[in-house]
Amino acid sequence: MNTTTENLTKRSHAALADATLQTALGRATGLFVEKRREAAAAVTNWEALRERARQVKAHTIEHLDFYLEEFAEKVTALGGKVVYARTGAEVCQYIIELAKARGVASVVKSKSMTTEEIELNHALEAADIRPFETDLGEYIIQLAGEKPSHIIVPAIHKTREQVGELFAEKLGVGRTDDVGEITAIARNLLRDEFLAARMGITGVNFAVAETGSVVLVENEGNIRFSTLAPPIHVAVMGIEKVIPRFEDLSVFLRLLPRSGTGQQQTAYVSFLNGPRLSTLPGGDENETTDNDSPPREFHLVIMDNGRTRMLADDRLRESLNCIRCGACLNVCPVYQKIGGQAYGWIYPGPIGAVISPQLLSLKKAGELPFASSLCGACKDACPVKINIPDLLLELRAKVKEDEGLQADAEKLGERLTMRGYAWAARFPRLFALAGRLVRRFASPGVEDGRIRQAPLPPFNQWTAYRDLPAPPKKAFRDLWKEGGEDGDG
Amino acid sequence: MGEARRQAPQTESASSAQTRLAASVEAGLAEVRRALGRTSSERPAPLAPFVEDEPAFSTDELLARFIAELSAVGAAVYHAPTAQQVAAHITEICRRPLIDKATGKAAGKQTGAVVGKVALSGAPLLGELRLGELLSAAALQTVASAAFTAADSDGLIAELAECEAGVTAVDVAIAETGTLALSTDEAHALLVSLVPPRHIAVLRPRQLVATLAAAIRFLDAERMNGDKRGGAVCRVATFITGPSRTSDIELKVSIGVHGPVQLHVILLEDRE
C-alpha cells in the first residue's frame with residue numbers, strides 16, 4: 461500500500477503556502493461549521509439525540525459479533541449474497557471475479573471512503589474493468605487523478621476554472637467556468653454510463669441488523685441510479701457500520717445530514733432490503749426472465765482490513781463508532797489550514813488522525829495524532845460523541861512506547877532531555893538551582909512579557925511555532941517560603 | 302464461467318459456492334468474537350427505548366409546515382381540488398421548457414403538436430384519478446410503468462429517458478422536512494421518480510406525518526406487514542427531499558445532477 465503520511469510537516473507547509481487551497485478551505489469549512497451549528501440549534505433535543513447515538517454505537521460495538529451475524533443472516537434470507545473479506549485485496553478480488561463471471565465491462569460507483577481505502581478503482585482498472593465515479597466531486601478527482609481533500613466534498617480544493625479546464629482537457633468538451641453547465645455536462649456523460657454499466661458499487665451508511673437493510677444517503681441521485689439501473693449491486697462495508705434496529709435509523713438519519721452538510725435531510729435516502737425482485741410485487745416468483753435480462757443480484761461485502769485489531773483494544777474501540785459525517789474536519793483548526801490531502805491518506809482531520817495509525821500502522825501514520833492542539837472542538841461537534849482528544853492521547857502514548865520510534869536518532873535529543881529532567885526533578889535543591897539558572901539566562905530574551913526566540917534546542921523548536929511566557933521573577937517555591945499571598949487564601 | 306452461464310446465482314455451482322461464501326462469513330465472525338474476547342455470541346439485553354416528546358399536530362398545521370419546507374428545498378407546490386386540476390397542473394408543468402445547460406436544448410423529446418410523454422407509476426391513486434385519460438385529452442402521451450415487467454428494467458429506463466416527467470403518488474410524507482416517502486409497493490415508482498427530468502408527486506394532506514421518526518415507524522410497519530404476507534417485503538424505499546443537487550464545486554449549489562432537475566408536489570384536497 462502506497463501511503464504518504466510521513467513528512468506531514470512538509471505537506472502542511474505546502475498547503476499553507478497554497479493561496480487557492482487556503483481560500484477554498486476557509487470558505488468550505490466556514491460554511492459547513494455555520495450550517496451545522498444552525499441545523500443543530502433548530503433541533504430541540506439535539507443533545508439527547510447525540511447521547512442516544514453514542515449509546516447505540518457503544519452497545520453495538522461491544523456486541524458486534526452478535527449484530528454482525530444477525531445482519532448477515534437477514535441479508536442472506538432476503539436473497540442477498542454475503543461475503544467477509546479480511547483484507548482490501550480480498551474485497552477487490554471478490555468484485556473482480558464476480559464482474560468477470562458476469563461479463564461486466566464497466567461499473568458505476570458512488571462515493572465510498574471504504575472503496576477508496578482499498579484502492580478498488582486501481583484494482584478494477586488493472587483487471588480491464590472500467591470504474592466510473594458518479595458523485596460529481598469524485599468524478600472530478602478521478603479525472604484529475606487526485607485524492608479527495610474532504611470526506612463530503614472531495615474536490616473542494618479545486619476552483620470552477622480548474623474544473624472547467626479539466627473537463628475541456630480530459631473530456632474534449634468546450635471550456636466553461638459556469639458551475640451549472642459543468643454539472644450538466646457531467647450529468648449527461650454519466651447518465652450514459654449508468655445505463656451501460658452492468659454493476660453498481662456503493663458503500664453503506666447504515667446496516668440494520670434487525671432487518672438486513674442497507675441504508676444510503678446522498679444528494680445527487682447517483683446512488684439511486686447505481687443501485688436501481690444495473691442488474692448487480694455490490695455494497696462494501698466496514699464491520700462497524702451495523703446498527704441494531706430499524707428504529708435506530710430515526711436517530712442517525714437526523715444526526716448525519718445536519719452534522720455533515722447542515723441539511724435537515726439529504727435529497728435522497730435509500731433503504732435496500734436484499735436484491736430487487738425480478739418479478740413485480742405480488743407476481744409469480746417463478747416467472748422466468750427472458751435471456752436478455754440478467755437476474756438481479758445483491759452482494760454485500762463485509763470488510764475487516766484492520767478493524768478487528770481496533771476492536772480488540774478496549775481503549776481505542778470507540779474509534780469504530782464513527783459515522784463518517786465530516787463534522788470534526790470542518791471544526792478542526794488544523795484541518796481548516798492544511799486540508800485533507802496533507803494528511804496523506806484517505807481519512808483526514810481528527811478522525812483520520814485516530815484511525816489511520818490503527819488501520820495502517822503507528823510507524824506509517826504515527827505523526828498524525830501529534831498534529832493537534834487537543835482543543836476538543838471535534839469532540840463537541842461529533843454526533844456520536846467520540847472522545848477524539850482522549851483517543852489522540854492514547855495513540856500518542858502508543859507511538860512513544862513503540863520500539864521502532866525510540867531507535868530514531870532524531871528523537872535522541874528529546875529522550876536525553878526527558879531523562880535529564882526526570883533525573884533532576886528527583887533532587888529538590890538541584891531542581892531549584894536549575895530553575896534559578898533558567899530564570900537568569902532567559903530574562904534577556906523577554907519582549908513584552910514573551911519569549912519569541914529561544915536560542916538553544918530543544919526550546920528553539922518550540923519557539924519556532926509558539927511564544928513562551930516570560931519566566932517569573934520568583935519561583936513559587938520561594939514565594940511559598942516567604943509566606944506567599946494572603947495566608948488565608 | 303462467462304457468457305454461457307446466465308443462470309440465477311442460486312443454481313450456480315450451488316452447494317460449493319454457498320458453502321465457500323458462508324465459510325468466509327463464519328471465519329470473519331470468529332475473528333470478531335476473538336477480538337472481543339469471546340468464544341460464542343449471545344443476544345445482548347436490548348437498550349431501553351428512546352423516549353422523545355412527539356406533540357400532535359392538526360392536519361392544517363402539518364400542511365402549513367410541509368408547504369414551507371417544500372419551498373425551502375426548492376420543490377414547487379400546487380393545490381388541486383379535482384382530478385382535472387391535477388391533470389391541468391401536470392400539463393402546464395410539462396409545457397414550461399426545461400433547458401439542458403450543457404446542450405442548450407430542451408430536456409425530453411418534443412415533437413410537433415404533441416407536447417411530450419409523461420410516465421405514470423402504477424399507484425392506485427393515479428388510477429383512481431384517471432390521469433391517463435385526462436392527460437391524453439391534453440395531448441400528452443402517457444407511459445404506464447406498470448406495463449413493463451420488472452425484468453425489463455432496461456426497456457422502462459429507455460422509455461423514461463424520453464419522458465418530460467414522471468408522476469407518482471407517495472406512501473407517506475414528512476412535514477418537518479418536506480420529505481416524500483416512496484416504496485416499491487408502487488410498481489416502478491422509484492425509476493419513474495428518478496429518470497425523467499421532472500418528478501411530479503401527487504398526495505393528499507391526510508398522508509402527512511409530523512416527523513422522520515413517524516415515517517421510520519411507518520416503513521418498519523410496512524416491512525413487518527410484508528413479512529406477514531409471506532415474503533412481499535418492501536424491497537426498496539426512498540425518501541425524497543427536493544430536487545437532486547450538489548455543492549461539490551466551490552460549494553456553489555447546483556440543482557439537477559443525476560436525479561430530477563425539478564420536483565413538483567400536487568396537494569390533492571379532498572374537500573372544498
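So the protein lines, in turn, are chains A and B.
Following our numbering, the numbering of the first sequence begins with 461 at its first residue and continues without gaps.
Following our numbering, the numbering of the second sequence begins with 302 at its first residue and continues without gaps.
All residues carry an ideal CB built from backbone N, CA and C; glycine is no exception.
Residue 797 of chain A by DSSP, collapsed to three states: which one?
Three-state DSSP puts residue 797 of chain A in a helix.
How would you label residue 695 of chain A, buried or exposed, when you count the other beta carbons within 10 angstroms and need 16 or more for buried?
Label assigned to residue 695 of chain A: buried.
Measuring alpha carbon to alpha carbon, tell me which of A:842, A:769, A:765, A:825 ends up nearest residue 786 of chain A.
A:842
Taking one C-beta from the segment 706-716 of chain A and one from the segment 547-562 of chain B each time, how about it: are there three or more such pairs within less than 8 Å?
Flag = no, the segment 706-716 of chain A and the segment 547-562 of chain B do not touch.
For residue 578 of chain A, which of helix, strand or coil comes out of DSSP?
coil
Is residue 742 of chain A buried or exposed, if buried means 16 or more other CB atoms sit within 10 Å of its CB?
Bear in mind that the predicted position of residue 742 of chain A carries a pLDDT of just 38, short of 50, making it unreliable; the figure below should be weighed with that in mind. With fewer than 16 other Cβ atoms within 10 Å, it is exposed.
So for residue 759 of chain A, helix, strand or coil by DSSP?
Three-state result, residue 759 of chain A: strand.
DSSP three-state call for residue 480 of chain B: helix, strand or coil?
It is a strand residue.
Based on the DSSP secondary-structure assignment, which residues constitute the bridge partners of residue 566 of chain A?
A:590
Please check if any C-beta of chain B sits within less than 8 Å of the C-beta of residue 937 of chain A.
The C-beta of residue 937 of chain A comes no closer than 8 Å to any C-beta of chain B.
Compile a chain-ordered list of the residues in the segment 606-618 of chain A whose CB is closer than 8 Å to at least one CB of chain B.
613, 614, 615, 616, 618
Taking just the CA atoms, how far does residue 921 of chain A sit from residue 933 of chain A?
24 Å
Alpha carbon to alpha carbon, what distance is there between residue 914 of chain A and residue 575 of chain A?
47 Å
Go ahead and label residue 879 of chain A buried or exposed: buried means 16 or more other beta carbons lie within 10 angstroms of its beta carbon, across all protein chains shown.
exposed
Distance cutoff 8 Å, beta carbons only. Does residue 390 of chain B sit that close to anything in chain A?
Interface residue (Cβ-Cβ distance to chain A less than 8 Å): residue 390 of chain B is not classified as such.
Going by DSSP, what residue range makes up the beta strand (DSSP E) through residue 458 of chain A?
As displayed, chain A neither begins before 461 nor continues past 949, which places residue 458 of chain A out of reach and without an answer.
Are residue 524 of chain A and residue 897 of chain A touching if we call contact CB-CB under 8 Å?
One thing to note: residue 524 of chain A has its Cβ no nearer than 8 Å to the Cβ of residue 897 of chain A.
Please classify residue 563 of chain B: does DSSP put it in a helix, a strand, or coil?
strand
Relative to the alpha-carbon of residue 520 of chain A, which residue among A:704, A:647, A:580, A:687 has its alpha-carbon at the smallest distance?
A:704
Out of curiosity, what's the CA-to-CA distance linking residue 667 of chain A and residue 778 of chain A?
In a straight line, the C-alpha of residue 667 of chain A is about 18 Å away from that of residue 778 of chain A.
Going along chain B, which residues have a C-beta under 9 Å from residue 604 of chain A?
Result: empty, since nearest Cβ-Cβ is about 13 Å, beyond 9 Å.
Is any heavy atom in the ligand SAM found nearer than 7 Å to the beta carbon of residue 592 of chain A?
You won't find the ligand SAM in this model; it holds no ligand whatsoever.
Can you pull out the residues from the segment 545-573 of chain B whose beta carbon lies closer than 8 Å to at least one beta carbon of chain A?
545, 546, 547, 548, 549, 550, 551, 552, 553, 555, 557, 558, 559, 560, 561
Could you check the C-alpha separation between residue 376 of chain B and residue 642 of chain A for me, to the nearest Å?
23 Å
Check whether the Cβ atoms of residue 523 of chain B and residue 484 of chain B lie closer than 8 Å to each other.
In terms of Cβ geometry, residue 523 of chain B and residue 484 of chain B form a close pair [threshold 8 Å].
Would residue 746 of chain A count as contacting chain B if we go by Cβ distances under 8 Å?
Its pLDDT being 42, under 50, residue 746 of chain A is placed unreliably in this model, and the value from its coordinates should be taken loosely. No, residue 746 of chain A lies away from the interface with chain B (no Cβ there is under 8 Å from its Cβ).
Taking Cβ-Cβ distances shorter than 7 Å, what residues in chain B pair up with residue 473 of chain A?
Chain order gives no chain B residues near residue 473 of chain A, where near means a beta carbon separation below 7 Å; the closest approach is about 25 Å.
List the residues of chain B that residue 526 of chain A touches, going by C-beta distances under 8 Å, in chain order.
342, 343, 344, 345
Listed from N- to C-terminal order along the chain, which residues in the segment 421-437 of chain B have their beta-carbon within a distance smaller than 7 Å of any beta-carbon of chain A?
none
Output the boundary residues of the alpha helix (DSSP H) element that contains residue 501 of chain A.
479-501
Compile a chain-ordered list of the residues in the segment 509-522 of chain A whose CB is closer than 7 Å to at least one CB of chain B.
512, 515, 516, 519
Inspect the CB distances between the segment 715-726 of chain A and the segment 543-555 of chain A and report whether three or more fall short of 8 Å.
With the cut-off at 8 Å, the segment 715-726 of chain A and the segment 543-555 of chain A do not touch.
To the nearest angstrom, how far is the alpha carbon of residue 613 of chain A from that of residue 909 of chain A?
Computed Cα separation, rounded: 43 Å.
Is the CB of residue 325 of chain B under 8 Å away from at least one CB in chain A?
yes
List, in chain order, every chain A residue whose beta-carbon is nearer than 9 Å to that of residue 460 of chain B.
Within chain A, no C-beta atom comes less than 9 Å from the C-beta of residue 460 of chain B; the nearest is roughly 12 Å away.
According to the neighbour-count rule (16 or more other Cβ atoms, all chains shown, within 10 Å of its Cβ), is residue 400 of chain B buried or exposed?
exposed
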